[in-house]
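Before any comments, here is the structure.
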Amino acid sequence: MLDRHLRPLIDPTLNRLGRSLAGRGITADALTLAGLALGIAASTAVVVGAFGMALGLLLASRLADGLDGAVARASRTTDFGGYLDITCDFLFYGLFPLAFVLHDPLANGVAGAILLTSFYANGASFLGYAILAERRGLQSSARGVKSLYFTGGLLEGTETILFFVLLCLWPAGFGPVALIFAGLCFLTALSRVLLARQVFRG
């Protein structure tokens, strides 16, 4: 919901940094993998209870994730780059909540399982829509220039990162916060299915 409003604010800075990094020979795929590595490190920090470190690594990971697209636009975009980016994003989005479950399985296990199920449903609705949109030649740049068709919803990338930040700042609240976010994820997936029914039914 917030992505389309933030993109005009952050894209000029990201694109400027992207051109600089591309000029230094840094590739978009390298930044994608660096973002994943930082995300894995952030998740590991959560497991051991180092939530302040996890927050810093989380923000660094998402900065790298934002810069990979900017570098690609400044150099050369590829289908594989878009594929690698979304794969790494989905892996990180699963690992970070899982880390809270591993940190305290008794307190966080049930809420974490429900949250990950909602992520699975939301991700399936997102990728399925993108496949059909590609087949029909639909395009959208409201959330920046992407390799895949990005549909909007209650929860997008910005909301997910804010959710992760909140978890780092308030780890004891994982259970109720995760359940609320899971409910919103299911609602986002449902709204996307209803939109697909309207757009693709014919």
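With this note's numbering applied, the sequence shown corresponds to residues 38 to 239, in that order. Quick reminder that beta carbons are idealized off the backbone N, C-alpha and C, glycines included. As the structure is a prediction and not an experimental result, all values here were calculated from the model.
Query                                                                                                                                         : Result
Which of helix, strand or coil does DSSP assign to D105?                                                                                      : helix
State the DSSP-derived secondary structure class of V85, mapped to helix, strand or coil.                                                     : coil
Once DSSP output is grouped into helix, strand and coil, what is the label at L192?                                                           : coil
Between which residues of its own chain and G165 is the CB-CB distance below 8 Å, once the five residues before and five after are set aside? : A233
Going along the chain, which unbroken runs of the beta strand (DSSP E) with 3 or more residues stay wholly within the region 114-141?         : none
Mind checking whether G72 and D105 have CB atoms under 9 Å apart?                                                                             : yes
Quick one, are the C-beta atoms of S155 and F200 less than 9 Å apart?                                                                         : no
Rounded to whole angstroms, what is the Cα-Cα separation between G13 and F137?                                                                : What is shown of the chain runs 38 to 239, which leaves residue 13 out entirely.
Let me confirm a value: R180 is counted as buried when at least 16 other C-beta atoms fall within 10 Å, else exposed. Which label applies?    : For R180, the pLDDT reaches just 46, beneath the cut-off of 50, and the residue's location in the model is therefore unreliable, although a value from the coordinates is still provided. It is buried - the Cβ of R180 has at least 16 other Cβ atoms within 10 Å.
Please report the straight-line C-alpha distance between L206 and A65, rounded to a whole angstrom.                                           : 30 Å
Would you call the region 192-199 in contact with the region 165-176, where contact means no fewer than 3 C-beta pairs closer than 8 Å?       : no
L75 and A107 look like a contact to me (Cβ under 8 Å); what is the Cβ gap, rounded to whole Å?                                                : L75 to A107, Cβ: 17 Å. No contact.
Go through its chain and collect everything with a Cβ distance to A158's Cβ below 8 Å, but skip five positions before and after it.           : C222, F223, A226
Express the C-alpha separation of N52 and G86 in angstroms, rounding to a whole number.                                                       : 35 Å
State the start and end residues of the unbroken alpha helix (DSSP H) segment that holds S228.                                                : 211-237
How would you call P142, buried or exposed, if buried means at least 16 neighbouring beta carbons within 10 angstroms?                        : exposed
State the Cα-Cα distance for the pair T114 and A144, rounded to the nearest angstrom.                                                         : 43 Å
Pick from L94, I63, I77: whose alpha carbon is nearest that of V202?                                                                          : L94
Is A101 near A59, with beta carbons less than 9 Å apart?                                                                                      : no
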